[in-house]
Amino acid sequence: MDRATYVGIVVFLGTLLFGLVQALGQDYDRGEYGGWIDSDRDCLNTRHEVLAAESLVPPLFLNCKVVTGLWFDPYTGRTFTSPQDLDVDHLVPLAEAHRSGGFAWTREKKRAYANDLENPGHLIAVELGANRRKGAKDPAGWMPPNESFHCAYVLAWIGVKDKWRLSMDEAESAAIERILRERRCR
Ligand SMILES: [Ca+2]
Ligand SMILES: [Ca+2]
Numbered sequence: 034m035d036r037a038t039y040v041g042i043v044v045f046l047g048t049l050l051f052g053l054v055q056a057l058g059q060d061y062d063r064g065e066y067g068g069w070i071d072s073d074r075d076c077l078n079t080r081h082e083v084l085a086a087e088s089l090v091p092p093l094f095l096n097c098k099v100v101t102g103l104w105f106d107p108y109t110g111r112t113f114t115s116p117q118d119l120d121v122d123h124l125v126p127l128a129e130a131h132r133s134g135g136f137a138w139t140r141e142k143k144r145a146y147a148n149d150l151e152n153p154g155h156l157i158a159v160e161l162g163a164n165r166r167k168g169a170k171d172p173a174g175w176m177p178p179n180e181s182f183h184c185a186y187v188l189a190w191i192g193v194k195d196k197w198r199l200s201m202d203e204a205e206s207a208a209i210e211r212i213l214r215e216r217r218c219r
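So the number in the working numbering is just where the residue sits in the sequence shown, counting from 1, plus 33.
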């Protein structure tokens, strides 16, 4: 076998292996993380648990749903009274958690991540449009328009990544370090 053939085979195998790893682990399927569940069986699912917990006034319930309340969205700095204007956001998005190590989790652990109510920084009721613009971006790609929330946002981001033992990529940790430094977060 000449050297060119050998190198060709090695590169081919490498590509194959890379593809295999991607196919086995990395492919993100939102379905694996499940939808909102009602883990304490009080008839409110996770979305409505968060809406109820974060409302600044006692919320009104109808058929196991929060129908009105008062919410301050720290992403935009705006206030809302209808849940229809709000998304309950995974501060560290599911797809971001997935590519940061969540791909190796069991289905149960993925569900638990999607529905974590223990850490108040994990899920947050925010304006729908802001959440859609955020998508699955990490702080290198998106930060909340409300700059006075930036410290709290990156500190909560670090808290989630730490609790769930998730990795950070280079651009992400650089962006976070810059924000912590520039804003003198503590
Ligand atoms: Ca519940
Ligand atoms: Ca990232």
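By construction, the Cβ of each residue, glycine as well, lies at the ideal position given by its N, Cα and C atoms.
Ignore the nearest five residues each way along the sequence and tell me which others in V83's own chain have a CB closer than 8 Å to its CB. If the five residues before and after V83 are omitted, its C-beta is found closer than 8 Å to the C-beta atoms of V121, L150, L156, I157, A158, all from its own chain and listed in chain order.
I157 - containing alpha helix (DSSP H), residue span: DSSP places I157 in no alpha helix (DSSP H) but in the uninterrupted beta strand (DSSP E) bounded by 156-160.
Count Cβ pairs between the stretch 201-219 and the stretch 165-173 that sit closer than 8 Å; are there 3 or more? Yes, the stretch 201-219 is in contact with the stretch 165-173.
When you compare only the Cα positions, how much space is there between L50 and E129? At L50 the pLDDT is 48, less than 50, meaning the model places this residue with poor confidence and gives no usable figure here.
As assigned by DSSP and simplified to three states, the class of A56: Confidence at A56 is low in this model, with a pLDDT of 48, below 50, so the placement of that residue is unreliable and no value is reported for it.
So, helix, strand or coil for K170, using DSSP? In the structure shown, K170 adopts coil according to DSSP, grouped into three states.
Identify, in the order they occur along the chain, each residue of the same chain with its Cβ nearer than 7 Å to the Cβ of R140, setting aside the five sequence neighbours on each side. So the qualifying residues of the chain are E65.
Beta-carbon proximity check, L124 vs V193, cutoff 8 Å: Judged by beta-carbon spacing, V193 lies within the 8 Å limit of L124, meaning their Cβ atoms are closer than that value.
Taking 7 Å as the cut-off, is the beta-carbon of N176 closer than that to any non-hydrogen atom of ligand 2? Note that residue 176 is Met in the sequence shown, not Asn. It does not: the Cβ of M176 is nowhere closer than 7 Å to a heavy atom of ligand 2.
Determine the extent of the beta strand (DSSP E) in which T79 is found, giving its start and end residues. According to the DSSP assignment, T79 belongs to no beta strand (DSSP E) but to the alpha helix (DSSP H) extending over 79-87.
Environment of R165 [buried if 16+ CB atoms lie within 10 Å]: Classification of R165: exposed, given that the 10 Å Cβ count is below 16.
Comparing C-alpha positions only, which one of V100, C184, W138 sits nearest to E215? Of the listed residues, the one whose Cα sits closest to E215 is C184.
Separation of R111 from W197, as counted between CA atoms: Going by the C-alpha atoms only, they are around 30 Å apart.
Could you name the residues of the same chain whose beta carbon sits closer than 6 Å to that of C76, not counting the 5 residues immediately before and after it, in chain order? In chain order, C97 place their CB closer than 6 Å to the CB of C76, counting only its own chain and leaving out the 5 sequence neighbours on each side.
Starting from D195, trace the alpha helix (DSSP H) in both directions and tell me its first and last residue. Segment 183-196, the alpha helix (DSSP H) holding D195.
Would you report the Cα separation of L119 and P92, rounded to the nearest angstrom? Cα-Cα distance, rounded: 14 Å.
Alpha carbon to alpha carbon, how far is T114 from A85? Computed Cα separation, rounded: 12 Å.
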